[in-house]
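These notes are about the structure you will find just below.
Numbering (the numbering used here), first residue to last: 62 to 297.
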């Protein structure tokens, strides 16, 4: 993803100031004052919280697409708001996926009173992906929970308890990412599907976020950038 982000940034006329791959790189990094800068983080679940906090230490806007660190994400959001920093987070920067999120919430609202249908989420990614389920799959399950009172939790794997959304994962080949939301009933099945053909859409969305966040403080997501219905209420 770092290589794809670099290509997308250069194609949109930006400069790459530095590449930060380790804590030592962060120690040596001294951003120039007066420049319009942003850090785009596609690191690992174990390092994303450190990277985001280093950006806050330096007063730099940060755009993060790293998934798998949900347990510390709220801490990052709280610090951002407390200190008037700039933090843009998205589990998926693809414009198509974020439209998919909106369709998912709309369908979940339609299905609330149709008790015979049950929801599930499935995702397929390349063998190098470190987290499972994907951040996008978790966001889809969370969108159903927010929009449909029949559901209150999700869990990896299978499951048919009331209120539970099963979220399953496959890791195979070099697949950039495919996600399914399925509502199964005794008479038929409704399925939403998004297929990424490559990583270009993720990279372009991240660079667009870095452009958009300039001059803004608060916590933002792709719904804010795209003007979709589910925008953040944690922004200034």
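By construction, the Cβ of each residue, glycine as well, lies at the ideal position given by its N, Cα and C atoms.
Since we're looking at a predicted model, the values are computed, not measured.
How about residue i: is its Cβ closer than 6 Å to a heavy atom in the ligand FAD?
{"i": "residue 282", "result": "With respect to small molecules bound, the structure shown includes none, and the ligand FAD cannot be examined in it."}
Buried or exposed: where does residue i fall if 16 or more other Cβ atoms within 10 Å of its Cβ makes it buried?
{"i": "residue 258", "result": "exposed"}
{"i": "residue 176", "result": "exposed"}
{"i": "residue 34", "result": "What is shown of the chain runs 62 to 297, which leaves residue 34 out entirely."}
{"i": "residue 171", "result": "exposed"}
{"i": "residue 118", "result": "exposed"}
{"i": "residue 147", "result": "buried"}
{"i": "residue 184", "result": "buried"}
{"i": "residue 152", "result": "buried"}
{"i": "residue 97", "result": "exposed"}
{"i": "residue 216", "result": "exposed"}
{"i": "residue 166", "result": "buried"}
{"i": "residue 72", "result": "exposed"}
{"i": "residue 143", "result": "exposed"}
Hey, quick one: how far does the alpha helix (DSSP H) through residue i stretch, first residue to last?
{"i": "residue 134", "result": "131-144"}
{"i": "residue 118", "result": "109-119"}
{"i": "residue 168", "result": "156-171"}
{"i": "residue 67", "result": "63-72"}
Quick one: give me the first and last residue of the beta strand (DSSP E) that residue i is part of.
{"i": "residue 191", "result": "Element bounds for residue 191: n/a, residue is neither H nor E."}
{"i": "residue 250", "result": "250-256"}
{"i": "residue 184", "result": "179-186"}
{"i": "residue 231", "result": "225-232"}
Alpha carbon to alpha carbon, how far is residue i from residue j?
{"i": "residue 22", "j": "residue 237", "result": "Residue 22 cannot be examined here, being either before or after the span of the chain that is shown, 62 to 297."}
{"i": "residue 271", "j": "residue 99", "result": "6 Å"}
{"i": "residue 203", "j": "residue 132", "result": "15 Å"}
{"i": "residue 205", "j": "residue 222", "result": "16 Å"}
{"i": "residue 140", "j": "residue 188", "result": "34 Å"}
{"i": "residue 75", "j": "residue 209", "result": "42 Å"}
{"i": "residue 200", "j": "residue 233", "result": "21 Å"}
{"i": "residue 262", "j": "residue 65", "result": "9 Å"}
{"i": "residue 122", "j": "residue 220", "result": "40 Å"}
{"i": "residue 240", "j": "residue 198", "result": "7 Å"}
{"i": "residue 266", "j": "residue 154", "result": "5 Å"}
In the DSSP output, which residue or residues are listed as bridge partners for residue i?
{"i": "residue 281", "result": "149"}
{"i": "residue 260", "result": "Paired residue(s): none; residue 260 is not in a bridge."}
{"i": "residue 106", "result": "Residue 106 is not bridged to any residue."}
{"i": "residue 101", "result": "124"}
{"i": "residue 211", "result": "Note: residue 211 sits in no beta bridge, so no partner."}
{"i": "residue 83", "result": "Residue 83 pairs with nothing; no bridge assigned."}
{"i": "residue 242", "result": "182, 253"}
{"i": "residue 217", "result": "228"}
Worksheet entry | Three-pair Cβ contact test at 8 Å for the region 98-111 versus the region 123-139 | The region 98-111 is in contact with the region 123-139.
Discussion item. Quick test of the definition: if touching needs 3 or more C-beta pairs under 8 Å, does the region 225-242 touch the region 176-183?
Written reply: Three or more pairs of CB atoms, one per stretch, sit closer than 8 Å, so the region 225-242 contacts the region 176-183.
Discussion item. Three or more C-beta pairs under 8 Å: does that hold for the region 142-161 against the region 242-261?
Written reply: Yes: the two stretches touch, three or more of their Cβ pairs being nearer than 8 Å.
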